[in-house]
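What follows is a set of notes on a single structure, which appears directly below.
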Amino acid sequence: SSWWHSVEPAPKDPILGVTEAFLADPSPDKVNVGVGAYRDDNGKPVVLECVREAERRIAGSMNMEYLPMGGSVKMVEETLKLAYGDNSEFIKDKRVAAVQALSGTGACRLFAEFQKRFRPESQIYIPVPTWSNHHNIWRDAQVPQRTYHYYHAESRGLDFASLMDDVKNAPSGSFFLLHACAHNPTGVDPSEEQWREISQQFKAKGHFALFDMAYQGFASGDPERDAKSIRIFLEDGHSIGIAQSYAKNMGLYGQRVGCLSVLCEDEKQAVAVKSQLQMIARPMYSNPPVHGALIVSTILGDPELKQLWLKEVKGMADRIIGMRTALRENLENLGSSLSWKHITEQIGMFCYSGMTPEQVDRLTKEFHIYMTRNGRISMAGVTTGNVRYLANAIHVVTE
Ligand code: PLP
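Next up, the structure:
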């Protein structure tokens, strides 16, 4: 008998499985609007010019020594400024405990482990729907999950009333996962006014907010504007946590560079929290990778490169916004009897189309269009070359 006779194949990941199927399809017409990675108008992966320039500056000059357990101090410093603000008093007062993390996933996972270790009785409230990996992350950290209402299927917008009810009805002092901007998969964010109300309700209930900010810059094209939800919570005096990622907004997907931060009561607490976060990282991966962190700190530490980055983030966001308009117009021009205004109302990388799993299956089988079965279209995969084809296929399966 074998050691592993009881091992069954794991279920396919609902997002990564889509790319596998796409790659295996020989059709020349095939379209991948599954995975959330930015593509240019030719459907090609993009390396930002600011990243190329940073690489040129770094080339040949770095050694390959380990980073400290908490990662690159310079990268973390610049990353905190993006989330908390350039002149944040919390940063000045050294109240933020922060470590480099293995991109946004790693940041969430570190937080989940930290939560389990120091608030062992706690649960995590996760929106419905959410990025499917959130469920895996808190499951593996053995933190029980609860859900809160978020999406309103009929309006394809926010179910604000139910969200507020859930926040109100959760036991005081609950942990909530919030998408800071460009909610995945729905592309639906609360308005500024709604964020203020959410923050007030969190205050009244003494809840803890962990912001997952995987798309800073992708919602509005401006990272500063996209941090608004976080800034509102900071103004209101919350002690929050933030998971940040450079996968999307710097196109550093495979470099795995991100940051987890926890805003503490004072410097002493921040020192303790940071040391515990490092202690969690140590037996998992010891210390984070150096190259991506150096790219980030090179870009953000140089005013000129930072300007270039901001311009390029806006360029990516604008191309996506343009494709939203084009997809909606194409569907309307085909005479669709359905409303497609949510395509342009939703923001960020995704359009939560409202298509059923069966309709998505038809798109794949009949048109070689690949996307997750929840109807999520990655707008980053839409181009001037495929938008008509995509619109026509959607029209056929939804009429
Ligand atoms: N959080 C959300 C909501 C995401 O959509 C993603 C990526 O798709 C991530 C976190 C983490 O991505 P990464 O680990 O590549 O930074």
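Counting from 40, one number per residue, gives the positions in the sequence shown under this note's numbering.
Backbone N, C-alpha and C define an ideal beta-carbon position, used for all residues, glycine too.
May I ask you to list the residues that DSSP assigns as paired with G124?
Start at 1 with the first residue of the sequence shown, and residue 124 comes out as number 85. According to DSSP, which records beta bridges pairwise, G124 is partnered with nothing at all.
Please confirm whether any heavy atom of ligand 1 lies closer than 6 Å to the CB of W177.
The sequence position of residue 177 within the sequence shown is 138, counting from 1. For ligand 1, not one heavy atom lies less than 6 Å from the Cβ of W177.
Apart from the five residues on each side of it in sequence, which residues of its chain come closer than 6 Å, Cβ to Cβ, to A136?
Here residue 136 is taken as the residue at index 97 of the sequence shown, counted from 1. Counting only Cβ-Cβ distances below 6 Å, and skipping sequence neighbours, we find V301, C303, A309, V312, K313.
In angstroms, rounded to a whole number, what distance separates the CA positions of G145 and H174?
In the sequence shown, counting from the first residue as 1, residue 145 sits at position 106. In the sequence shown, counting from the first residue as 1, residue 174 sits at position 135. Between G145 and H174, the C-alpha separation is close to 14 Å.
What are the boundary residues of the alpha helix (DSSP H) that includes Y428?
Taking the first residue of the sequence shown as 1, we reach residue 428 at position 389. Here the alpha helix (DSSP H) through Y428 covers 426 to 437.
Going by C-alpha distance, which of K287, E438, G420, S336 is nearest G82?
Against the sequence shown, residue 82 aligns to sequence position 43. Here the closest residue by C-alpha is G420.
Sorry if obvious, but does the Cβ on T225 come closer than 6 Å to a heavy atom of ligand 1?
To locate residue 225, count along the sequence shown from 1; it is residue 186. Result no, Cβ not under 6 Å from ligand 1.
Indicate the three-state DSSP secondary structure (helix, strand or coil) for F257 in the structure shown.
Here residue 257 refers to the residue found at position 218 when the sequence shown is read from its first residue. Correct three-state label for F257: coil.
Any heavy atom of ligand 1 closer than 6 Å to the beta-carbon of D80?
Against the sequence shown, residue 80 aligns to sequence position 41. No - ligand 1 has no heavy atom lying nearer than 6 Å to the Cβ of D80.
Sorted by chain position, which residues of the same chain lie with C-beta nearer than 7 Å to T364's C-beta, five sequence neighbours on each side aside?
Here residue 364 is taken as the residue at index 325 of the sequence shown, counted from 1. Result list for T364: T383, in chain order.
Check whether the stretch 405 to 422 touches the stretch 66 to 73, taking contact to mean three or more Cβ pairs, one atom from each stretch, closer than 8 Å.
Yes: the two stretches touch, three or more of their Cβ pairs being nearer than 8 Å.
Compare the Cα-Cα distances from V426 to each of P327, E368, L347, V46 and report the closest residue.
Here the question's residue 426 lines up with position 387 in the sequence shown. Among P327, E368, L347, V46, the Cα nearest to that of V426 is on E368.
Please go through the same chain and pick out, in chain order, the residues whose beta-carbon is closer than 6 Å to the beta-carbon of T422, but skip the five residues on each side of it.
If you number the sequence shown from 1, residue 422 lands on position 383. Around T422: D80, G82.
When DSSP labels each residue in this structure, what does H173 get in the three-state scheme?
Working through the sequence shown from its first residue, we reach residue 173 at position 134. Helix, per DSSP.
Looking only at C-alpha atoms, which of L370, N372, I386, T437 sits nearest to D400?
Taking the first residue of the sequence shown as 1, we reach residue 400 at position 361. Nearest of L370, N372, I386, T437 to D400, Cα basis: T437.
Is P229 buried or exposed, if buried means 16 or more other CB atoms sit within 10 Å of its CB?
One-based indexing of the sequence shown puts residue 229 at position 190. Its Cβ being crowded by 16 or more others within 10 Å, P229 is buried.
Which stretch, first to last residue, makes up the beta strand (DSSP E) that contains C298?
As a first step, residue 298 must be located in the sequence shown, where it is residue number 259. It spans 297 to 302 - the beta strand (DSSP E) in which C298 sits, taken as one unbroken run.
Is any heavy atom of ligand 1 found at a distance shorter than 6 Å from the C-beta of S417?
For the purposes of this step, residue 417 is taken as the residue at position 378 of the sequence shown. It does not: the Cβ of S417 is nowhere closer than 6 Å to a heavy atom of ligand 1.
Going by the CB atoms, is the gap between L119 and V329 shorter than 7 Å?
The residue you call residue 329 lines up with position 290 of the sequence shown. The residue you call residue 119 lines up with position 80 of the sequence shown. Contact: no.
Assuming L333 is part of the alpha helix (DSSP H), what are its boundary residues?
Looking up residue 333 in the sequence shown gives position 294. Per DSSP, L333 belongs to the alpha helix (DSSP H) from 330 to 339.
Can you tell me where the alpha helix (DSSP H) with D79 in it begins and where it stops?
Looking up residue 79 in the sequence shown gives position 40. Element bounds for D79: n/a, residue is neither H nor E.
Using the three-state DSSP reduction, which class does R185 fall into: helix, strand or coil?
Indexing the sequence shown from 1 puts residue 185 at position 146. Here R185 sits in strand by DSSP.
Which ranges does the alpha helix (DSSP H) cover as unbroken runs of at least 4 residues, wholly within the stretch 382 to 414, from first to last along the chain?
Listed in chain order, they are 396 to 406.
Check A180 in the structure and name its three-state DSSP category.
Working through the sequence shown from its first residue, we reach residue 180 at position 141. Of the three classes helix, strand and coil, the one that applies to A180 here is coil, per DSSP.
When the distance is taken between beta carbons, is Q184 closer than 7 Å to I163?
Counting from one through the sequence shown, the residue named residue 163 turns up at place 124. Counting from one through the sequence shown, the residue named residue 184 turns up at place 145. Going by C-beta atoms, I163 is nearer than 7 Å to Q184.
Around the C-beta of G293, are 16 or more other C-beta atoms found within 10 angstroms, so that it is buried, or is it exposed?
As a working note, residue 293 is residue 254 in the sequence shown. Flag for G293 reads exposed.
What does the alpha-carbon distance come out to for the pair R415 and V57?
The residue given as residue 415 occupies position 376 in the sequence shown. The residue given as residue 57 occupies position 18 in the sequence shown. Computed Cα separation, rounded: 12 Å.
Grouping DSSP H, G and I as helix and E and B as strand, with all else coil, what is A63?
The sequence position of residue 63 within the sequence shown is 24, counting from 1. Residue state, collapsed to three classes: helix.
Tell me whether S211, by its Cβ, gets closer than 6 Å to a heavy atom of ligand 1.
As a working mapping, residue 211 is identified with position 172 in the sequence shown. No, the beta carbon of S211 sits no closer than 6 Å to any heavy atom of ligand 1.
Are the Cβ atoms of L299 and F150 separated by less than 7 Å?
Here residue 299 corresponds to residue number 260 of the sequence shown, with the count starting at 1. Here residue 150 corresponds to residue number 111 of the sequence shown, with the count starting at 1. Yes.
For G290, is the beta carbon positioned less than 6 Å from some heavy atom of ligand 1?
Locating residue 290 in the sequence shown gives position 251, where the first residue counts as 1. Checking every heavy atom of ligand 1 against the Cβ of G290, none is found closer than 6 Å.
So does T58 have its beta carbon nearer than 6 Å to some heavy atom of ligand 1?
The residue given as residue 58 occupies position 19 in the sequence shown. Checking every heavy atom of ligand 1 against the Cβ of T58, none is found closer than 6 Å.
Can you check whether the CB of D205 is closer than 7 Å to the CB of H188?
The residue labelled residue 188 in the question sits at position 149 within the sequence shown. The residue labelled residue 205 in the question sits at position 166 within the sequence shown. Yes; because the gap between Cβ atoms is below 7 Å, this pair is in contact.
For the structure I just gave you, are there three or more beta carbon pairs, one from the stretch 241 to 257 and one from the stretch 276 to 290, closer than 8 Å?
The answer is yes - the stretch 276 to 290 touches the stretch 241 to 257, with three or more Cβ pairs under 8 Å.
Taking the beta carbon of Q385 as the centre, do at least 16 other beta carbons fall within 10 Å, making it buried, or is it exposed?
Position 346 of the sequence shown holds residue 385. Buried.
May I ask whether a heavy atom of ligand 1 can be found less than 6 Å away from the beta carbon of D251?
Numbered from 1 along the sequence shown, position 212 holds the residue referred to as residue 251. True, at least one ligand heavy atom lies under 6 Å from that Cβ.
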